[in-house]
Amino acid sequence: MKKALKIAGIVLLILLAILLLFTLVTFIIHRVKTKQEIELLKEKGYYNPVSVGDHCLNVAKFGNENGKHTIVGLAGNGMGDFAVTARQMTAPLEADNLVVFVDRAGYGFSDDTDNEMTLEYIVEDYRKALKNAGIEGPYVLMPHSIGGAYANYWVSQYPDEIEGIVFVDGSQLNATAFEEEEPYKVGFGDRFLALLAKLGFSRYVLREYSYHYPDNYTEEEQMLGDALTLMTLDSIAPVSEDSKLAENAQKAFTSIVTNEVPKVYICASWGIRTEEELRDMCQWLNRQIEINDLDMPPRPLEYEPEFLADILADYQRVREESLFPYIEKMGNCEIVYLAGDHMIYQQKPEECGQILKEFLDGLDQ
Numbered sequence: 024m025k026k027a028l029k030i031a032g033i034v035l036l037i038l039l040a041i042l043l044l045f046t047l048v049t050f051i052i053h054r055v056k057t058k059q060e061i062e063l064l065k066e067k068g069y070y071n072p073v074s075v076g077d078h079c080l081n082v083a084k085f086g087n088e089n090g091k092h093t094i095v096g097l098a099g100n101g102m103g104d105f106a107v108t109a110r111q112m113t114a115p116l117e118a119d120n121l122v123v124f125v126d127r128a129g130y131g132f133s134d135d136t137d138n139e140m141t142l143e144y145i146v147e148d149y150r151k152a153l154k155n156a157g158i159e160g161p162y163v164l165m166p167h168s169i170g171g172a173y174a175n176y177w178v179s180q181y182p183d184e185i186e187g188i189v190f191v192d193g194s195q196l197n198a199t200a201f202e203e204e205e206p207y208k209v210g211f212g213d214r215f216l217a218l219l220a221k222l223g224f225s226r227y228v229l230r231e232y233s234y235h236y237p238d239n240y241t242e243e244e245q246m247l248g249d250a251l252t253l254m255t256l257d258s259i260a261p262v263s264e265d266s267k268l269a270e271n272a273q274k275a276f277t278s279i280v281t282n283e284v285p286k287v288y289i290c291a292s293w294g295i296r297t298e299e300e301l302r303d304m305c306q307w308l309n310r311q312i313e314i315n316d317l318d319m320p321p322r323p324l325e326y327e328p329e330f331l332a333d334i335l336a337d338y339q340r341v342r343e344e345s346l347f348p349y350i351e352k353m354g355n356c357e358i359v360y361l362a363g364d365h366m367i368y369q370q371k372p373e374e375c376g377q378i379l380k381e382f383l384d385g386l387d388q
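Residue numbers in the sequence shown follow the working numbering, run continuously in steps of one, and reach 388 at the last position.
Printed below as a string of C-alpha cells:
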C-alpha cells in the first residue's frame with residue numbers, strides 16, 4: 024500500500040512538473056509573440072493610451088487632424104479588433120476627416136478595470152478619453168452592434184457633443200432587448216480564464232473566439248486583429264459589460280430623447296428584401312464557413328417560392344416590429360438598406376464607406 028502511494032506521489036509530481044514546464048514555455052512564447060505584435064501595432068498607429076482616471080483607454084487616431092469631421096468608432100460587444108477591421112471602411116475618408124477608435128476598458132490596448140461596465144460608466148469613459156486626448160467635438164459617432172446603445176445614450180444626454188450618428192447595423196433596441204440574456208456577476212471562473220489568457224493559453228483557443236477574416240483582409244490585418252483580440256481575452260471588463268448587455272441595452276432605449284441630430288442606420292442583417300440579396304448573403308456565409316472550417320451545413324442557394332416568401336416576410340416583420348419603432352423613437356434617422364451579414368463593414372467595406380461619405384457630405388450642406 025505504501026509503495027503504491029509512493030509511486031502515485033511520484034507520478035503526480037512528474038505530471039505537475041510537466042504542467043508547470045508547459046505553462047512556462049507557453050508563457051514565454053506568448054510574451055515574445057505579444058512583444059512583436061505590440062511593436063507592429065505601434066508602428067501602424069494603433070497605440071495611444073489616454074488616462075481617464077484610474078485606468079487608460081486606447082484612442083487610436085487616423086487621418087486629418089484638421090479635417091472637416093471627427094468620426095468616432097464604437098465597437099460591438101467584445102470586439103477588441105474593431106479598429107483594425109473597420110479601417111477598410113474608413114480609410115478612404117481619412118484624407119478629409121479624423122477617424123478615431125476609442126476602445127472600452129479591457130478592449131485591446133485599453134487597461135482592464137474592476138468597475139462595473141454600466142451604460143453611464145462606458146459613455147463617461149468615452150467622453151473623458153476624447154477630452155483628455157485633446158480631441159474636441161462635435162463628433163460623428165460610428166457605432167456597430169451594441170455600440171449603438173452607447174451612441175444613443177450619449178446623444179440623448181449630451182446632444183451638443185454629437186454632430187451625427189452612423190449606425191453600422193446597430194443592435195435594434197427596445198424595452199425588452201436581449202431579455203434572453205441572464206444577468207450575472209463576474210466570478211472566480213471568469214477571473215481564472217482571464218489568468219489563463221494572460222499566461223498565453225488563449226492562443227490555443229483563439230479561433231473559438233475570433234474567426235478568420237474574410238478574403239478581402241490581408242495576413243497582416245489578420246495578425247493585428249488577432250493580437251488585439253488576445254489582449255481583450257485576458258481582461259475582466261468585457262465580461263462585466265457582457266453581463267450587463269440586457270440592462271444597458273434596455274436602459275439605452277428607455278433613455279432615448281427624440282432629437283434632430285442627423286442619423287443614418289445601415290440595415291444589413293435584417294435588410295434582406297429580395298431573393299438575390301438572400302442568395303448573396305448565403306454565398307458569403309458559405310465562404311466564411313469554408314475558410315473557418317466550421318462544423319455546420321452550407322446555406323442553401325436555391326429556394327422554393329413558398330419558402331422564399333416566408334423568409335422575406337420574416338425579415339419584413341422584424342423590421343416593422345423592431346427596427347421601424349426604434350428608428351422613429353430616435354428621430355431624424357434615415358434607413359439605408361445594405362443587405363448582408365451583421366459584420367457588414369467586413370463584408371462590404373466599400374459600400375459602407377460610401378454611405379458614410381454621403382452622410383458626411385450631407386452634413387456639410
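Heads up, the beta-carbon is just placed ideally off N, CA and C, and yes, glycines get one too.
Values in this document were obtained by computation on a predicted structure and should not be read as measured data.
May I ask you to report which of helix, strand or coil DSSP gives Pro72?
For the purposes of this step, residue 72 is taken as residue 49 along the sequence shown, with counting starting at 1. Note: Pro72 maps to strand in three-state DSSP.
Could you tell me which residues DSSP puts in a beta bridge with Val125?
Within the sequence shown, numbered from 1, the residue matching residue 125 stands at position 102. Val82.
Which value, in whole angstroms, describes the spacing of the CA atoms of Leu80 and Val125?
Working through the sequence shown from its first residue, we reach residue 80 at position 57. Working through the sequence shown from its first residue, we reach residue 125 at position 102. Each residue's alpha carbon lies about 7 Å from the other.
Taking all protein chains shown into account, decide if Pro166 is buried (16 or more other Cβ within 10 angstroms of its Cβ) or exposed.
Walking along the sequence shown from the start, residue 166 turns up at place 143. Burial call: buried.
Looking only at DSSP bridge pairs, what is Ile94 linked to?
Taking the first residue of the sequence shown as 1, we reach residue 94 at position 71. Bridge partners of Ile94: Val122, Val163.
Quick check: the Cα distance between Tyr360 and Pro285, rounded to an integer number of angstroms?
Numbered from 1 along the sequence shown, position 337 holds the residue referred to as residue 360. Numbered from 1 along the sequence shown, position 262 holds the residue referred to as residue 285. If I take the Cα positions, the gap works out to 17 Å.
For Pro323 versus Gly129, is the C-beta distance shorter than 8 Å?
The residue given as residue 323 occupies position 300 in the sequence shown. The residue given as residue 129 occupies position 106 in the sequence shown. Cβ atoms of Pro323 and Gly129: not closer than 8 Å.
Residues in the same chain with beta-carbon distance under 6 Å from Asn282, minus the five sequence neighbours each way, listed in chain order, please.
Translated into the one-based positions of the sequence shown, residue 282 becomes position 259. Only Pro182, Gly354 meet the Cβ criterion.
Nearest-angstrom Cα distance between Leu386 and Pro161?
Along the sequence shown, one-based indexing puts residue 386 at 363. Along the sequence shown, one-based indexing puts residue 161 at 138. For Leu386 and Pro161, the distance between alpha carbons rounds to 12 Å.
Checking the sheet assignment: what are the DSSP bridge partners for Lys286?
If you number the sequence shown from 1, residue 286 lands on position 263. In the DSSP output, where bridge partners are listed per residue, Lys286 has Ile188, Cys356.
Check whether the Cβ atoms of Phe276 and Ala198 sit closer than 8 Å, and answer yes or no.
Against the sequence shown, residue 276 aligns to sequence position 253. Against the sequence shown, residue 198 aligns to sequence position 175. Yes, the Cβ-Cβ distance between Phe276 and Ala198 is below 8 Å.
What first and last residue would you give for the alpha helix (DSSP H) that runs through Arg310?
Here the question's residue 310 lines up with position 287 in the sequence shown. From DSSP, the alpha helix (DSSP H) with Arg310 extends over 298-314.
Between the Cα of Gly274 and the Cα atoms of Pro115, Ala109, Ser179, Thr255, which residue gives the shortest distance?
Translated into positions along the sequence shown, residue 274 becomes position 251. Checking the displayed sequence, the identity of residue 274 turns out to be Lys instead of Gly. It is Ser179.
In angstroms with no decimal places, state the Cα-to-Cα distance between Arg230 and Asp316.
Locating residue 230 in the sequence shown gives position 207, counting from the first residue. Locating residue 316 in the sequence shown gives position 293, counting from the first residue. Using only the alpha carbons, I get a separation of about 10 Å.
Return the CA-CA distance between Lys151 and Met140, expressed in angstroms with no decimal places.
Here residue 151 refers to the residue found at position 128 when the sequence shown is read from its first residue. Here residue 140 refers to the residue found at position 117 when the sequence shown is read from its first residue. Using only the alpha carbons, I get a separation of about 15 Å.
Check Tyr338 in the structure and name its three-state DSSP category.
What you label residue 338 is simply residue 315 of the sequence shown in a count that begins at 1. In the structure shown, Tyr338 sits in a helix (DSSP, three-state: H, G or I).
Helix, strand or coil: how does DSSP classify Ser258 here?
The residue given as residue 258 occupies position 235 in the sequence shown. Ser258 falls in the coil class under three-state DSSP.
Near Ala109, what residues of its chain come up, given a Cβ to Cβ distance below 6 Å and the 5 sequence neighbours on each side ignored?
For the purposes of this step, residue 109 is taken as the residue at position 86 of the sequence shown. Gly96, Tyr368, listed in sequence order.
Start and end of the alpha helix (DSSP H) containing Thr277?
Residue numbering aside, residue 277 sits at position 254 when the sequence shown is read from its first letter. Note, Thr277: alpha helix (DSSP H), 268-277.
At least one CB of chain B closer than 8 Å to the CB of Leu38: is that the case?
The chain labelled as chain B is not found in the depicted structure, where only one protein chain is given.
Buried or exposed for Ala40, please, with buried defined as at least 16 other CB atoms from any protein chain shown within 10 angstroms of its CB.
Numbered from its first residue, the sequence shown carries residue 40 at position 17. Exposed: under 16 other Cβ atoms inside 10 Å.
Should Pro372 go down as buried or exposed, given a rule of 16 or more other Cβ atoms within 10 Å for buried?
Within the sequence shown, residue 372 is the residue found at index 349, counting from 1. Buried: at least 16 other Cβ atoms inside 10 Å.
Measuring straight from C-alpha to C-alpha, what distance separates Ala362 and Arg342?
Within the sequence shown, the letter at position 339 stands for residue 362. Within the sequence shown, the letter at position 319 stands for residue 342. Going by the C-alpha atoms only, they are around 13 Å apart.
For Gly248, collect the residues of the same chain with a Cβ closer than 7 Å to its Cβ; drop the 5 residues on either side in sequence, then sort them by chain order.
Your numbering for residue 248 matches position 225 in the sequence shown. The answer, listed in chain order, is Asp104, Val107, Thr108, Tyr236.
Please give me, in chain order, every unbroken run of the alpha helix (DSSP H) with length at least 4 that falls completely inside the segment 217-265.
Taking only runs of at least 4 residues, the alpha helix (DSSP H) segments lying wholly in the segment 217-265 are 229-232, 242-256.
Mind checking which residues open and close the alpha helix (DSSP H) that includes Tyr144?
Position 121 of the sequence shown, counted from the start, is the residue given in the question as residue 144. Looking at the DSSP string, the run of the alpha helix (DSSP H) that includes Tyr144 is 142-155.
Here's a check: name, in chain order, each residue in its chain whose Cβ is nearer than 6 Å to the Cβ of Gly223, leaving out the five neighbours to either side.
Position 200 of the sequence shown holds residue 223. Around Gly223: Thr49, Phe50, His53.
How should Glu264 be labelled, buried or exposed, when 16 other C-beta atoms within 10 angstroms of its C-beta is the threshold for buried?
In the sequence shown, the residue the question calls residue 264 occupies position 241. Buried, by the Cβ-count rule.
Determine the contact status of Leu164 and Ile145, defining contact as a CB-CB distance below 8 Å.
Counted from its first residue, the sequence shown places residue 164 at position 141. Counted from its first residue, the sequence shown places residue 145 at position 122. No; because the gap between Cβ atoms is not below 8 Å, this pair is not in contact.
Compare the beta carbon distance of Leu331 and Glu300 with 8 Å and say whether it is the shorter of the two.
Numbered from its first residue, the sequence shown carries residue 331 at position 308. Numbered from its first residue, the sequence shown carries residue 300 at position 277. Cβ atoms of Leu331 and Glu300: not closer than 8 Å.
Just to confirm, is the Cβ distance from Leu346 to Trp293 under 8 Å?
Position 323 of the sequence shown, counting from 1, holds the residue named residue 346. Position 270 of the sequence shown, counting from 1, holds the residue named residue 293. For Leu346 and Trp293, yes; Cβs fall inside 8 Å.
Under three-state DSSP, which class holds Ile158?
Here residue 158 refers to the residue found at position 135 when the sequence shown is read from its first residue. Coil, per DSSP.
Could you spell out where the alpha helix (DSSP H) holding Asp318 opens and where it closes?
For this step, residue 318 is matched to residue 295 along the sequence shown. No alpha helix (DSSP H) contains Asp318, which DSSP labels as neither H nor E.
My output table needs one value for Ser345: the three-state DSSP class, helix, strand or coil.
Along the sequence shown, one-based indexing puts residue 345 at 322. If DSSP states are grouped into helix, strand and coil, Ser345 belongs with the helices.
Should Leu153 and Tyr349 be called a contact, given that it needs their Cβ atoms to be closer than 8 Å?
For the purposes of this step, residue 153 is taken as residue 130 along the sequence shown, with counting starting at 1. For the purposes of this step, residue 349 is taken as residue 326 along the sequence shown, with counting starting at 1. Not closer than 8 Å, so no.
Quick check: the Cα distance between Cys356 and Val287, rounded to an integer number of angstroms?
Translated into the one-based positions of the sequence shown, residue 356 becomes position 333. Translated into the one-based positions of the sequence shown, residue 287 becomes position 264. Their backbone Cα atoms lie some 5 Å apart in a straight line.
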